[in-house]
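K.L.:
I'd like to ask some things about the structure below.
Protein chains: 2
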Amino acid sequence: MSSPAQRLQHVSQILGSAAPAGAQPLNPPTPFRIAVIGSGNWGTTVGKILAENAAARPRMFKHHVQMWVHEEQVAGRNLSDIINQDHENVRYLPGVKLPANLRASASLVDVAKDADLLVFNLPHQFLRRITSDLKGKLKPRCRAISCLKGLHVTGSGCSLLSSYISEQLGIACGALSGANLAPDIARCKWSETTVAYTLPADFAGAGHDIDSDVLKAAFHRPYFHVNVIEDVAGVSVAGALKNIVALAVGFVEGLGWGDNAKAAIMRVGLVETIKFSQMFFPESAAATFTKESAGVADLITTCSSGRNVKVGRHMAETGDDAETAEKKLLNGQSSQGVLTAKDVHDLLVTVDKTGEFPLFEATYQIIYGTESIENLPTLLGRC
Amino acid sequence: MSSPAQRLQHVSQILGSAAPAGAQPLNPPTPFRIAVIGSGNWGTTVGKILAENAAARPRMFKHHVQMWVHEEQVAGRNLSDIINQDHENVRYLPGVKLPANLRASASLVDVAKDADLLVFNLPHQFLRRITSDLKGKLKPRCRAISCLKGLHVTGSGCSLLSSYISEQLGIACGALSGANLAPDIARCKWSETTVAYTLPADFAGAGHDIDSDVLKAAFHRPYFHVNVIEDVAGVSVAGALKNIVALAVGFVEGLGWGDNAKAAIMRVGLVETIKFSQMFFPESAAATFTKESAGVADLITTCSSGRNVKVGRHMAETGDDAETAEKKLLNGQSSQGVLTAKDVHDLLVTVDKTGEFPLFEATYQIIYGTESIENLPTLLGRC
Chain H
18 MSSPAQRLQH VSQILGSAAP AGAQPLNPPT PFRIAVIGSG NWGTTVGKIL AENAAARPRM
78 FKHHVQMWVH EEQVAGRNLS DIINQDHENV RYLPGVKLPA NLRASASLVD VAKDADLLVF
138 NLPHQFLRRI TSDLKGKLKP RCRAISCLKG LHVTGSGCSL LSSYISEQLG IACGALSGAN
198 LAPDIARCKW SETTVAYTLP ADFAGAGHDI DSDVLKAAFH RPYFHVNVIE DVAGVSVAGA
258 LKNIVALAVG FVEGLGWGDN AKAAIMRVGL VETIKFSQMF FPESAAATFT KESAGVADLI
318 TTCSSGRNVK VGRHMAETGD DAETAEKKLL NGQSSQGVLT AKDVHDLLVT VDKTGEFPLF
378 EATYQIIYGT ESIENLPTLL GRC
Chain F
18 MSSPAQRLQH VSQILGSAAP AGAQPLNPPT PFRIAVIGSG NWGTTVGKIL AENAAARPRM
78 FKHHVQMWVH EEQVAGRNLS DIINQDHENV RYLPGVKLPA NLRASASLVD VAKDADLLVF
138 NLPHQFLRRI TSDLKGKLKP RCRAISCLKG LHVTGSGCSL LSSYISEQLG IACGALSGAN
198 LAPDIARCKW SETTVAYTLP ADFAGAGHDI DSDVLKAAFH RPYFHVNVIE DVAGVSVAGA
258 LKNIVALAVG FVEGLGWGDN AKAAIMRVGL VETIKFSQMF FPESAAATFT KESAGVADLI
318 TTCSSGRNVK VGRHMAETGD DAETAEKKLL NGQSSQGVLT AKDVHDLLVT VDKTGEFPLF
378 EATYQIIYGT ESIENLPTLL GRC
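Heads up: the protein sequence lines correspond to chains H and F, in order.
Quick note: the first sequence uses this note's numbering, first residue 18, plus one each step.
Quick note: the second sequence uses this note's numbering, first residue 18, plus one each step.
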């Protein structure tokens with residue numbers, strides 16, 4: 018990477034309105050083409066951001082940003098047609114005007130094949146099929162950013178979703194995560210995010226390839242502040258484990274223990290998340306968790322609202338088990354925290370480390386075992 | 018200090034129900050006498066905790082815990098008499114039964130003169146008079162813990178309230194701070210706190226003097242989890258600067274920017290608080306802010322509710338200035354954040370460092386200058 022001073026100058030040129038014409042690496046030989054895979058509320062919001070930046074920086078990015086839509090019919094019309102004609106995703110982001118240069122398409126390969134920057138933003142469970150369909154169809158120097166939350170944690174190990182994308186498609190892949198409730202960002206309410214990306218060995222050079230400057234230019238908006246770092250693992254771990262913490266926050270909220278107890282759970286959760294990350298991804302940095310939006314800020318937002326808190330609270334208030342709570346509150350969908358708590362427990366059992374993660378383990382035992390929520394203070398006695 | 022293993026063993030002996038009779042240093046030659054200065058809702062809550070522990074550990078602590086009451090009349094009776102006869106502080110902590118061994122007194126010197134551990138828990142503005150009245154009246158090896166929030170920040174420098182107590186009274190003084198809303202703790206709802214204390218040069222030895230084991234035994238309850246550390250400066254800085262952050266959280270809440278923006282403010286606030294602490298108290302540790310209840314947990318709790326958030330929110334919602342907001346919401350009392358924002362600004366001007374603290378400076382300029390809340394994202398652009 019270039020020096021901080023060079024990067025600062027470069028970014029300020031990109032963001033400034035009076036960038037000198039013809040300056041390199043401001044004008045890549047061919048502007049970068051951006052595509053988004055996924056068009057839920059978060060995918061559409063990110064597509065909107067990218068299209069706004071593409072329109073604002075014509076020498077850096079191709080004007081049109083392609084967005085893949087899992088086609089469906091809405092009032093007798095294709096969702097992709099509605100987005101392209103009415104500039105609104107009436108199904109997943111109603112009421113938000115989209116830029117005209119955000120182009121929806123139901124053809125995955127058409128959307129992705131010429132992309133220089135491919136942004137994955139779709140539910141976890143579709144990732145396997147999507148990467149399978151894209152194999153061998155991408156440009157050799159296509160680079161990716163994953164907005165998918167989470168890790169692939171099993172009893173036998175723990176890997177990043179971005180690594181899965183890299184391995185399946187043979188392309189470098191980073192991650193985007195932060196305190197990012199989509200509806201507020203879609204309405205241009207101020208928030209922050211973290212983009213993590215490590216330059217690949219075949220990096221083609223500034224202006225010719227995706228780097229931190231290009232990522233900042235692509236994602237940063239006046240209302241969406243981006244910090245680009247290199248710690249893909251830290252960002253991903255934070256995005257996954259926060260959901261366990263949010264369940265436990267729901268537990269103490271449901272018991273009526275108030276803000277002291279909720280803050281205590283978040284504090285312990287932050288400590289255990291950092292410990293987990295450094296145990297399984299020694300290359301990750303503690304500062305990602307304490308200084309970045311993807312760390313402490315996303316933890317706070319996730320523990321303020323959302324489905325994991327709701328499930329935990331309902332369990333504490335009613336005595337229902339997690340499955341019943343999910344049936345009643347989420348139409349039987351799983352809350353991510355319930356799944357992740359089990360994956361993390363299984364992994365910690367394998368490496369014989371459950372004792373070092375009393376909050377994660379207590380949350381697991383409350384959901385899947387016979388432990389009671391009232392016992393949390395005792396279980397956390399050593400924290 | 019003793020080794021971690023020794024301390025662990027020592028604490029587990031103290032906390033265990035079957036501590037061996039006659040073991041040293043479990044049984045100090047004379048049990049330590051505890052006194053509390055102050056009887057507001059937080060002072061009374063801490064007095065209750067200390068009295069519970071004194072009763073539970075008769076060989077470590079004198080049975081009675083004395084609590085100084087700023088005498089007032091309630092329904093024709095002295096408040097101190099009500100506390101001693103009815104075991105309830107009807108004025109400041111109504112509805113909570115107090116232990117019979119918590120003894121209220123209006124005589125400051127009587128309460129303090131024989132204390133081995135003196136806990137200060139009263140409003141900041143009374144500290145000067147109280148320390149003046151106590152000068153020369155304490156035991157030579159009396160030790161103190163300050164529960165007062167904050168720092169003494171002026172344009173010319175920055176010092177700890179605990180240092181002020183030490184200097185005025187010639188006694189070692191630590192600090193207690195955490196995510197501690199008093200009413201919930203008084204009702205035995207689970208929370209955590211941080212006690213910071215550095216052993217003085219004239220430490221008399223384990224069992225003969227206040228140390229981390231004694232502090233843990235005095236403050237820790239099953240519902241009030243205590244971690245004892247040495248970083249008095251970090252704990253104090255965190256307790257002071259959180260109020261500025263809470264004001265700014267109120268600003269973005271008042272504009273309806275939602276949880277993303279609130280979390281962003283807390284994140285930036287945490288980063289600036291650590292930077293401030295390391296600039297003015299190089300001996301303080303970043304981990305105090307990211308791992309301890311006095312750090313990130315107290316920040317979260319303070320930014321969830323309380324008078325600073327209310328004042329900031331009201332300013333954003335109505336356009337009222339801070340003074341008007343305080344008049345309407347706090348009967349003209351000052352919110353601590355409004356005062357601290359000015360103190361911190363003055364100090365940063367003196368050392369020419371305002372540019373390194375964009376959130377603190379923006380908050381100051383919004384309150385005392387002509388900056389607008391809507392401009393916060395731009396002002397924080399570099400964070």
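For glycine and all other residues, C-beta sits at the position ideal for the given N, C-alpha and C.
(1) Is there a C-beta anywhere in chain F that falls below 8 Å from the one on Thr341 of chain H?
(2) State the Cα-Cα distance for the pair Pro48 of chain H and Tyr240 of chain H, rounded to the nearest angstrom.
(3) Quick one: using the 10 Å Cβ neighbour count with 16 as the cut-off for buried, is Glu300 of chain F buried or exposed?
(4) Whose Cβ in chain F lies nearer than 7 Å to the Cβ of Gly275 of chain H?
(5) So which of F:Val82, F:Gln83, F:Val107, F:Lys152 has the shortest CA-CA distance to Glu89 of chain F?
(6) So, is the C-beta of Leu155 of chain F closer than 8 Å to a C-beta in chain H?
(7) What are the boundary residues of the alpha helix (DSSP H) that includes Val266 of chain H?
(8) Is the CB-CB distance between Ala263 of chain H and Gly354 of chain H below 8 Å?
(9) Which of helix, strand or coil does DSSP assign to Leu67 of chain H?
(10) Whole angstroms are fine: how far does the CA of Thr305 of chain H sit from the CA of Tyr181 of chain F?
(11) Just checking: is the beta-carbon of Pro48 of chain F within a distance shorter than 8 Å of some beta-carbon in chain H?
(12) Counting contacts by CB-CB distance shorter than 8 Å, is Met77 of chain H in contact with chain F?
(13) Any idea which residues DSSP pairs Phe78 of chain H with across the strands?
(14) Evaluate Gln142 of chain F with the Cβ neighbour count: other Cβ atoms within 10 Å of its Cβ, from every protein chain shown; 16 or more gives buried, anything less gives exposed.
(15) Counting only the same chain and skipping the five closest in sequence on each side, list residues whose C-beta sits under 8 Å from that of Ile407 of chain H.
(16) For the alpha helix (DSSP H) containing Ser194 of chain F, name the first residue and the last one.
(17) Give the range of the alpha helix (DSSP H) segment to which Cys320 of chain F is assigned.
(18) Got a sec: is the Cβ-Cβ distance from Thr318 of chain H to anything in chain F below 8 Å?
(19) Along chain F, which residues have their Cβ under 8 Å away from the Cβ of Leu258 of chain H?
(20) Take Phe377 of chain F and list the residues in its own chain whose beta-carbon comes closer than 6 Å to its own, dropping the five residues that flank it on each side.
(21) Give a yes or no on whether the C-beta atoms belonging to Ile227 of chain F and Arg160 of chain F are separated by under 8 Å.
(22) Nearest CA to the CA of Glu309 of chain F: which residue from F:Ile383, F:Leu193, F:Ala235?
(23) Straight-line CA distance for Ile54 of chain H to Met84 of chain H?
(24) Which residues bound the beta strand (DSSP E) around His362 of chain H?
(25) Are the C-beta of Val288 of chain H and some C-beta of chain F separated by less than 8 Å?
(26) What first and last residue would you give for the beta strand (DSSP E) that runs through Ser173 of chain F?
(27) DSSP puts His225 of chain H in a beta bridge; with which residues?
(28) Quick one: what does DSSP say His242 of chain H is sitting in, helix, strand or coil?
(29) Quick one: does Ala280 of chain H have its CB under 8 Å from some CB of chain F?
(30) Do Ser163 of chain F and Cys190 of chain F have their CB atoms nearer than 8 Å?
(31) For a quick check, are the C-beta atoms of Gly312 of chain F and Ala255 of chain F less than 8 Å apart?
(32) For Ile100 of chain H, report the span of its alpha helix (DSSP H) as first-last.
(33) In this structure, how does DSSP classify Arg284 of chain F when only helix, strand and coil are distinguished?
(34) Using 8 Å as the limit for Cβ to Cβ distance, is Glu209 of chain F near chain H?
(35) Of all the options H:Glu105, H:Asp131, H:Met296, H:Pro157, which has the alpha carbon lying nearest to the alpha carbon of Leu365 of chain H?
(36) Counting only C-beta atoms, is Lys308 of chain H closer than 8 Å to chain F at any point?
P.N.:
Concretely, from the data shown:
(1) no
(2) 24 Å
(3) Exposed, since its Cβ has fewer than 16 Cβ neighbours within 10 Å.
(4) Leu198, Asp201, Lys206
(5) Nearest option by C-alpha distance: F:Val107.
(6) So no, Leu155 of chain F is outside the interface.
(7) For Val266 of chain H, the enclosing alpha helix (DSSP H) begins and ends at 249–271.
(8) yes
(9) Leu67 of chain H: helix per DSSP, three-state reduction.
(10) 36 Å
(11) no
(12) no
(13) H:Phe49
(14) exposed
(15) In the structure as shown, chain H starts at 18 and stops at 400, and residue 407 of chain H therefore has no counterpart that could be examined.
(16) Element bounds for Ser194 of chain F: not the alpha helix (DSSP H) but the beta strand (DSSP E), 190–194.
(17) 315–321
(18) yes
(19) Near Leu258 of chain H there are no residues of chain F at all, since even the closest Cβ is about 16 Å away, more than 8 Å.
(20) Closer than 6 Å at the Cβ level, and outside the excluded window around Phe377 of chain F, lie Ile261, Glu289, Val361.
(21) Taking 8 Å as the Cβ cut-off, Ile227 of chain F and Arg160 of chain F qualify as a contacting pair.
(22) F:Leu193
(23) 6 Å
(24) Not the beta strand (DSSP E): His362 of chain H falls in the alpha helix (DSSP H), residues 353–367.
(25) yes
(26) No beta strand (DSSP E) holds Ser173 of chain F; DSSP gives it neither H nor E.
(27) Answer by DSSP bridge pairing: none, since His225 of chain H is not bridged.
(28) strand
(29) yes
(30) yes
(31) yes
(32) 96–103
(33) helix
(34) yes
(35) Per the Cα distances, H:Met296.
(36) yes
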